[in-house]
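Residue numbers (the working numbering): 1 to 454. Positions of the beta carbon are idealized from the N, C-alpha and C atoms, including for glycine. Everything on this sheet refers to the single structure shown next.
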Amino acid sequence: MAEATMAKGATPATLSPGYRRYALMILVLGYTSSHVDRNIMGILLEPIKADLLLSDTQLGFLSGIAFAIFYATLGIPIALIADRGNRRNIIAWAIAIWSGMTALCGLAGNFWQLALARIGVGVGEAGSSPPSHSMIADMYAPNERASAMAIYSLGVYFGVMIGFLVGGWVAVWYGWRAAFFVVGLPGLVLALLVRFTLKEPERGGADGMAPEKSDAPLNFKTGLVIVKEGFHHLWHTAAARHVVCGVTITSFVGYGGVMWGPAFLIRTHGMSIGEVSTFLALMVGIVGGFGAYFGGRLTDRLAAKDVRWNTWVVAWAKVLVVPFIVAFYLMDNWPAFHVAGYPVSILWVLYVPISFLGAFYLGPSFAMIQTLTPPAKRALASAVMLFIINIIGLGFGPQFVGILSDFFNYTMGMGNQSLRWALFGTAMLNIWAAAHYFLAGHHLKKAASDGRRA
């Protein structure tokens, strides 16, 4: 698979700036909906545990592997179709499926019923991100792409905010089952908006190139060949390989933290579900969303002077966040100071840079994979990347934290402190992720200097 050009390209004349903004907004809403439905489990783990009598290992399965294995695996064949067919229609059907399955989670009466419903959510969400990434890459030129992808990635933080805030308070007032109904059903309306108000952008138009054409029929054999090419491309393009490694490790840490963060604050610091939902909604949703947007804009600005900043912005963010993580997980007896007469815990202060810096990675990472891939195979490249990061990150991140917490609890006798140490140890992997982003920048610079593939 040949790599795409890093040239600036030109925005397709057929798409007005107003339409591009509208289309991006709708895709952001779709991504937001997916993360509401995906991450609402995090705020509901404790009431679900109490109601269905589940262990932390079972909860880790429900919030991780049950969703991720189908989400990641099905994303690849769906992406193959998206690279040849109508991406808009695929996204519309995907939103309808995951929204309906989220609502069904509220009807589950035991572990296996809830697991099947969560699998259904993963099946639906498999058809969202790869086609969306491809559409955005065909609407925005390479020099605008990190910013556009950063705006798209706001859906992660808006989704977590809505899932935690709405899900948490609905659970307090009406129970955890009602929370699934409230966040799931509105997605059916959004599916109609995608289907009837968006249109397909011209493939490769934003890069000033014609997409590759293929007359070969899409069947199992040709599909395997194409998928093999996708994995080969990401592995043998050095910069892309290190971006995928970095984003995978980051997702492993991030999904574990998002899913288990509410339980940590409840168990270790005695916060209520309502307090936790409000705290995390503000921190992850607002501060994290601003961090994602700022990280993308900063990347586009600095990379215009030195290509290495396409990934170095993320690398430095990962390094700078480490001391705040250490303090957040290891300090006890949080002191408070007063602002306008109201007590403010140091807990809040420490979590601001964690949320802000931790959100830098998505936009630049998504943008680099799209830029380093030919237009006709961008949905596939996105799906391959998402397969890797979601099997390892989303699938095993929450599961790893749950298993580690049970180990520290039952084997080491740590009790309520077990989750604290499980999350702390996992968070230290950010240093490993930073190393990959630094190496990706090195290969981008080397390729730009000698004219070879990045």
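Which whole-angstrom value describes the C-beta separation of residue 104 and residue 120, a residue pair presumed to lie in contact below a C-beta threshold of 8 Å? Taking the first residue of the sequence shown as 1, we reach residue 104 at position 104. Taking the first residue of the sequence shown as 1, we reach residue 120 at position 120. With 8 Å as the limit, residue 104 and residue 120 qualify as a contact, their Cβ atoms being about 7 Å apart.
So, using beta-carbon positions, are residue 246 and residue 126 closer together than 8 Å? Taking the first residue of the sequence shown as position 1, residue 246 is located at position 246. Taking the first residue of the sequence shown as position 1, residue 126 is located at position 126. Taking 8 Å as the Cβ cut-off, residue 246 and residue 126 do not qualify as a contacting pair.
With a Cβ-Cβ cutoff of 8 Å, do residue 135 and residue 201 count as a contact? Here residue 135 corresponds to residue number 135 of the sequence shown, with the count starting at 1. Here residue 201 corresponds to residue number 201 of the sequence shown, with the count starting at 1. Closer than 8 Å, so yes.
Should residue 25 be labelled buried (16 or more other beta-carbon atoms within 10 Å of its own) or exposed? Locating residue 25 in the sequence shown gives position 25, counting from the first residue. Exposed: under 16 other Cβ atoms inside 10 Å.
Enumerate in chain order the residues of its own chain whose CB-to-CB distance from residue 185 is below 6 Å, with the five nearest sequence positions on each side excluded. As a working mapping, residue 185 is identified with position 185 in the sequence shown. If we look at residue 185 and ignore the five residues flanking it on each side, its Cβ neighbours are 103.
Continuous alpha helix (DSSP H) stretch holding residue 353: start and end: If you number the sequence shown from 1, residue 353 lands on position 353. Note, residue 353: alpha helix (DSSP H), 346-358.
Suppose you measure from the CA of residue 251 to the CA of residue 327; what does that come to, to the nearest Å? Translated into positions along the sequence shown, residue 251 becomes position 251. Translated into positions along the sequence shown, residue 327 becomes position 327. The straight-line gap from Cα to Cα measures roughly 21 Å.
Alpha helix (DSSP H) containing residue 128: first to last residue? For the purposes of this step, residue 128 is identified with residue 128 of the sequence shown, where counting begins at 1. Element bounds for residue 128: n/a, residue is neither H nor E.
For residue 131 and residue 91, which I take to be in contact (beta-carbon distance under 8 Å), what is that distance rounded to the nearest angstrom? Reading the sequence shown from its first residue, position 131 is the one you call residue 131. Reading the sequence shown from its first residue, position 91 is the one you call residue 91. Indeed they touch by this definition, with Cβ atoms about 5 Å apart.
Cβ-based neighbour list, residue 162, same chain, cut-off 8 Å, excluding 5 preceding and 5 following: Your numbering for residue 162 matches position 162 in the sequence shown. Excluding sequence neighbours, residue 162 sits near 32, 36, 183, 281 and 285.
Return the first residue and the last residue of the alpha helix (DSSP H) that residue 281 is part of. Against the sequence shown, residue 281 aligns to sequence position 281. That residue, residue 281, is in no alpha helix (DSSP H); it is neither H nor E in DSSP.
Using the beta-carbon count (16 or more within 10 Å), is residue 165 buried or exposed? Here residue 165 is taken as the residue at index 165 of the sequence shown, counted from 1. Its Cβ being crowded by 16 or more others within 10 Å, residue 165 is buried.
Indicate whether residue 356 and residue 290 have their beta-carbon atoms separated by less than 8 Å. For this step, residue 356 is matched to residue 356 along the sequence shown. For this step, residue 290 is matched to residue 290 along the sequence shown. Yes, the pair counts as a contact, with Cβ atoms nearer than the cut-off.
Which stretch, first to last residue, makes up the alpha helix (DSSP H) that contains residue 199? For the purposes of this step, residue 199 is taken as residue 199 along the sequence shown, with counting starting at 1. No alpha helix (DSSP H) holds residue 199; DSSP gives it neither H nor E.
Whose C-alpha, out of 276, 85 and 109, is nearest the C-alpha of residue 54? Stepping through the sequence shown from its first residue, residue 54 is reached at position 54. Answer by Cα proximity: 109.
With a threshold of 8 Å, are at least 3 pairs of Cβ atoms found where one atom belongs to the region 222-233 and the other to the region 379-387? yes
Does DSSP put residue 306 in a helix, in a strand, or in coil? Here residue 306 corresponds to residue number 306 of the sequence shown, with the count starting at 1. Coil.
Beta carbon of residue 70, beta carbon of residue 123: below 8 Å? The residue given as residue 70 occupies position 70 in the sequence shown. The residue given as residue 123 occupies position 123 in the sequence shown. Closer than 8 Å, so yes.
Going by DSSP, what residue range makes up the alpha helix (DSSP H) through residue 16? If you number the sequence shown from 1, residue 16 lands on position 16. Here residue 16 belongs to no alpha helix (DSSP H), and DSSP marks it neither H nor E.
Residue 84 lies in the alpha helix (DSSP H); which residues open and close that run? Start at 1 with the first residue of the sequence shown, and residue 84 comes out as number 84. Counting along the chain, residue 84 falls outside any alpha helix (DSSP H), and DSSP gives it neither H nor E.
Just to confirm my understanding: we take residue 262, look at its own chain, exclude 5 residues before and 5 after, and list those with CB closer than 6 Å. What are they? In the sequence shown, counting from the first residue as 1, residue 262 sits at position 262. Answer for residue 262: 42, 43 and 276, listed in chain order.
With three or more beta-carbon pairs closer than 8 Å as the criterion, would you say the region 49-67 touches the region 394-410? yes
For residue 371 and residue 142, I'd like the C-alpha separation in whole angstroms. The residue labelled residue 371 in the question sits at position 371 within the sequence shown. The residue labelled residue 142 in the question sits at position 142 within the sequence shown. Going from the Cα of residue 371 to the Cα of residue 142 covers about 6 Å.
Over the uninterrupted alpha helix (DSSP H) stretch that includes residue 385, give me the two end residues. As a position in the sequence shown, residue 385 is number 385, starting the count at 1. Residues 378-389.
Run of the alpha helix (DSSP H) containing residue 403, from where it starts to where it stops: Numbered from 1 along the sequence shown, position 403 holds the residue referred to as residue 403. First-last of the alpha helix (DSSP H) with residue 403: 396-406.
Any idea what DSSP makes of residue 140, helix, strand or coil? Numbered from its first residue, the sequence shown carries residue 140 at position 140. Here residue 140 sits in coil by DSSP.
For the candidate residues 195, 351, 98 and 80, whose alpha-carbon lies nearest to that of residue 221? Within the sequence shown, residue 221 is the residue found at index 221, counting from 1. Nearest option by C-alpha distance: 80.
Which of the three DSSP states, helix, strand or coil, is assigned to residue 437? The residue given as residue 437 occupies position 437 in the sequence shown. Three-state result, residue 437: helix.
Can you tell me whether residue 196 is buried or exposed, with buried defined as 16 or more other CB within 10 angstroms of its CB? Residue 196 sits at position 196 when you count from the first residue of the sequence shown. By the 10 Å Cβ count, residue 196 comes out exposed.
Secondary structure of residue 224, DSSP reduced to three states: On the sequence shown, residue 224 is found 224 positions in, with the first residue counted as 1. Correct three-state label for residue 224: helix.
Express the C-alpha separation of residue 68 and residue 253 in angstroms, rounding to a whole number. As a first step, residue 253 must be located in the sequence shown, where it is residue number 253. As a first step, residue 68 must be located in the sequence shown, where it is residue number 68. Rounded to the nearest angstrom, the two C-alpha atoms are 15 Å apart.
Residues near residue 455 by beta carbon distance below 8 Å, same chain, minus five either side: Only positions 1 to 454 of the chain appear in this structure, which leaves residue 455 out of reach.
Pick from 193, 321 and 176: whose alpha carbon is nearest that of residue 94? Position 94 of the sequence shown, counting from 1, holds the residue named residue 94. It is 193 whose Cα lies nearest to the Cα of residue 94.
For residue 239, which residues of its own chain have a beta-carbon under 6 Å away from its beta-carbon, when the five flanking residues on both sides are left out? For the purposes of this step, residue 239 is taken as the residue at position 239 of the sequence shown. Here the set comprises 440, 443, 444 and 454.
Do you know whose CA, among 101, 34, 368 and 83, lies nearest residue 242's CA? The residue you call residue 242 lines up with position 242 of the sequence shown. Comparing Cα positions, the closest option is 368.
So what's residue 163 in DSSP terms, helix, strand or just coil? Mapped onto the sequence shown, residue 163 falls at position 163. Helix.
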